[in-house]
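Line by line, the protein sequences are chains A and B. Everything in the first sequence is counted per the numbering used here, starting at 1 for the first residue and increasing by one. Everything in the second sequence is counted per the numbering used here, starting at 1001 for the first residue and increasing by one. Below is one structure; the comments refer to it alone.
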Amino acid sequence: MYLKDGCSMDDLAQRQQVRSRSGWGRRFVLHAILIFFAFVAIVPLYWALASSFMTLGETINRRWFPDVSKMVWVNPQWTTADGTTYTVPVPIHANYFEAWERGRFERYFLNSVIITFLTIVGMLLTSIPAAYAFAKIKFLGRDVLFSILLITLMVPESITLIPNFRIIRGDVLPLPLINTSAPYFELGGVSWVNKLPALTVPFIASAFSIFLLRQFFTTIPDELWEAARMDGAGHLRFLIQIATPIARPAITTVSLLTFIGSWNAFLWPLVVTTEERWRPIMVGLDAFMQDAGPELHLLMAGSMFAIVPILVVYFFTQKTFTEGVATSGLKG
Amino acid sequence: MPKLKINQVVLQNNITGYLFVSPALVIIFIFGLFPIGNAVWMSLYRWRVRQGAFVGIKNYADVVGDWWGALSFCVGLTVLMLAYYVWNNAFNRLSERRWVAQLASAVVLIGTAFGLIAFGWSRMMQVGDVDYLHGLIYTVYYAFGTVPIQLALGLLLSYILYQNLFAKEWYRMIYFVPYITPVVASAVVFRQVFSSRESSIANQVVGLFGIEPLSWIAESESLINILFNLNLEGFWAGPSLAMVSVILFNIWTYTGYYTVVFLAGLGSIPGDLYEAAKVDGANDWHLFRRITLPLLSPVTFYLSVLGFIGTFKSFDSIYVMRDRFAKGTTDTASIVIFDSFRTDNNWSYAAAQAIILLLIILALTAVQRNVFERRVFYG
């Protein structure tokens, strides 16, 4: 609601004037302030990146730049069950290789990718039709249901955490078992603790995504739906063929927000993963922090595994990212 | 026949509508709505992993300790708000005698309020849950140490950026990076930045000013005591150096976010206003004070409400940054709740603590709405 990236011609003229009016000295001071804060924002991350390329000795000796001559590059190899050996064609830094192996980031990273992917797909499958229905279909109790949805948005995680943990343990209602080795469903009072559904099912519907998408769907004119109905289309067909393509910007935003939320998730996975099997990357990083102890160069390499995917997505989708995140509120 | 058709459409709409919303609603009702009631229900029982006997409000009583103390504390806060109103009104009056009388009564009210708060708090601390009550104090330090500074820095940076300087977009992009960095990962990095080792960045920085290496994240002594060599205790001793490190980390994380939101707010202030004011001979400070600040007040209000709610709920960063040598001086209320849940396995007690925290957050938001939203200018 606060974002207005484009500015009118008046605005532009106004700003031009401001610029011409401010002298060299003034601009120099302003830039100095900006650069100082940019420096503060970047230095910790730069330091983490630099340390991840150092030897243990270099990190202890307060170095700010890794010594290139001391770097060790390796081509990681792995052997599959049938004995074939694969070699990664691009050499990677030995620290990254060691952190990857020792911290079991291979598993955590893959887990997080799977969890994030399933969460986004599930969220889209449930939220798009729900948001559409709340925006465009008149059904009994629609507004009441929608306001209940909004209430759930305001409740902090610390309240819902314990009851949700009971649900995941199967204490409240019998949970279907999703067998991960052979995907079939089975009923019974089993626990989902340490299983994939515990990390995905609670998040495959998001009140927040529904809220954002609904805002967008309400802007689609009713005439469009009337025209489609004249041509014999039902709501489902209208949604799939017309409304969803129109809503693509909003869908990108909610997918991005879900990606961030899922990749960064910490408290809930910390509670429901006591073993490694489905532990996601943030919980894995926390565990690796205890494990690596003073071996700073490895720890920093490990943090990079968690940071880099988000940064890559950020640099590619900067505009959507900034606007989407800025309008969605703070996380803590 | 047409009537039947309308009924058919209505029926069809109802069926389609419910089919569309039901998958999402089932999940949200189970994992979003049911837990709210369930948490309240659980908090009334003895519940260590398994459900025990019904104990009524005993869990709440264990947290609060002394109900009369809690009452005195709450009354004290209300009196403080009253004092605020009286104080504010005093400056609106023209008659001098009433002005003095009101100011004097405001001072008396403030004194009474602090007396009641201090008395209530000490009663609660004697028999209540000391960890949780300390946690609340640390939460207050955390919130008041971060949000005002973030608001000020965000305002400053966005105002400078709005001057349309060279490379504006680049600055904005860089400022946003700390915010989008996963908080667990950046907390891992900042644990090292603020580590007690002599080579840590924080110690290198204070070393530039000739200060001896400090223990930062592992220091339980309060910052004020360290700086001025004092021996204060209790609330007025202020946050420990470990807590200050966590606060600095939070400021680092969110300042860019505040900047971006403020910048968007600045963009929606019409340029004609500045133009007109300049014609009338206003200088830069007038423009800022009389146009920018009032017109930005909705954004400021929105950010401060979100900021306070966010810091009161904050968990991830503090959990990763807590150090056992800090002796629990960084453990805010949500960390204490987590400990009751995971370490002590006292589920119903943790639920009661969480509900009390929620009530405090709600009260805080209500106060912010009543006291500060009156000063917000919506145009």
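All residues carry an ideal CB built from backbone N, CA and C; glycine is no exception. Predicted model, so just to flag it, every value in this text is computed and none were measured.
Residue contact with chain A for B/F1301: absent (no Cβ-Cβ distance below 8 Å to any residue of chain A). With a threshold of 8 Å between beta carbons, A/F37 makes contact with chain B. In terms of Cα proximity to A/R248, the closest of A/A227, A/D222, A/R214 is A/R214. For A/G284, the closest C-alpha among the options B/G1111, B/Y1258, B/F1034, B/V1184 is that of B/V1184. In terms of beta-carbon proximity, A/H93 stays away from the interface with chain B, with every pair separated by 8 Å or more. Taking the beta carbon of B/W1347 as reference, the chain A residues within 7 Å of it are I162, listed in sequence order. Residue burial annotation: A/D67 is exposed, with fewer than 16 other C-beta atoms found within 10 angstroms of its C-beta. Within the same chain, and ignoring the five residues on either side of B/F1194 in sequence, the residues whose Cβ sits closer than 7 Å to its Cβ are S1200, A1202, W1216, I1217, S1245. Inclusion of B/P1023 and A/T126 in the CB contact set at 8 Å is warranted, their separation being smaller than that value. Measuring C-alpha to C-alpha distances from A/T219 to each of A/T85, A/A48, A/A135, A/T119 identifies A/A135 as the nearest. Comparing C-alpha distances from B/F1176 to each of B/Q1163, B/F1190, B/A1187, B/L1157 shows the shortest one belongs to B/L1157. A Cβ-Cβ contact shorter than 8 Å links A/A207 with B/G1032. Per the coordinates, the alpha-carbon of A/F65 lies some 24 Å from the alpha-carbon of B/I1211. Pairwise C-beta distances place the stretch 163-177 of chain A out of contact with the stretch 222-239 of chain A, as fewer than three of them are shorter than 8 Å. As for any beta strand (DSSP E) of minimum length 3 sitting wholly inside the stretch 66-130 of chain A, the runs are 77-79, 85-87, ordered along the chain. Secondary structure note for B/F1054: its beta strand (DSSP E) is the uninterrupted segment 1050-1054. Counting the other Cβ atoms within 10 Å of the Cβ of A/W263 gives 16 or more, which makes it buried. Residues I204, S206, S209, T258 of the same chain have their beta carbon placed closer than 6 Å to that of A/M123, with the five preceding and five following residues left out of the count. In the DSSP secondary-structure assignment, A/S158 is not bridged to any residue.
Contact annotation: in the stretch 309-322 of chain A, residues whose CB is within less than 8 Å of a CB in chain B are I310, L311, Y314, Q318, F321, T322.
The beta-carbon of B/P1035 is placed less than 8 Å from the nearest beta-carbon of chain A. In the three-state scheme derived from DSSP, where H, G and I count as helix and E and B as strand, B/W1047 is classed as strand. Judged by their CB atoms, A/N194 and A/R277 are nearer to each other than the 8 Å cut-off. Distance from the CA of B/V1189 to the CA of B/I1057, rounded to the nearest whole angstrom, comes to 42 Å.
Per the C-alpha coordinates, the member of B/S1304, B/Y1132, B/E1221 positioned closest to B/W1236 is B/E1221. Using beta-carbon distances, B/G1076 does not count as an interface residue toward chain A, since no partner is under 8 Å.
Leaving aside the five residues that flank A/M71 on each side, the residues in its chain whose CB is nearer than 8 Å to its CB run, in chain order, F53, H93, A94. At a cut-off of 3 residues, not a single continuous stretch assigned as beta strand (DSSP E) sits fully inside the stretch 1161-1193 of chain B. Chain-ordered, the chain B residues with CB closer than 8 Å to the CB of A/R62 read S1199, Q1204. For A/P174, none of the residues of chain B pass the 8 Å Cβ criterion, the least Cβ distance being about 13 Å. By the neighbour-count definition (other C-beta atoms within 10 Å, threshold 16), A/E223 is an exposed residue. If only uninterrupted alpha helix (DSSP H) runs of at least 4 residues are considered, those enclosed by the stretch 1228-1307 of chain B are 1241-1267, 1271-1279.
Every unbroken stretch of the alpha helix (DSSP H) spanning 4 or more residues and falling wholly within the stretch 248-332 of chain A is given here in chain order: 248-264, 267-272, 281-292, 296-316, 318-328.
For A/R142, the neighbours in chain B by C-beta distance under 9 Å run, in chain order, G1017, V1021.
Judged by DSSP in its simplified three-state form, B/S1195 adopts coil rather than helix or strand. B/S1158 sits in a helix when the DSSP states are folded into three classes.
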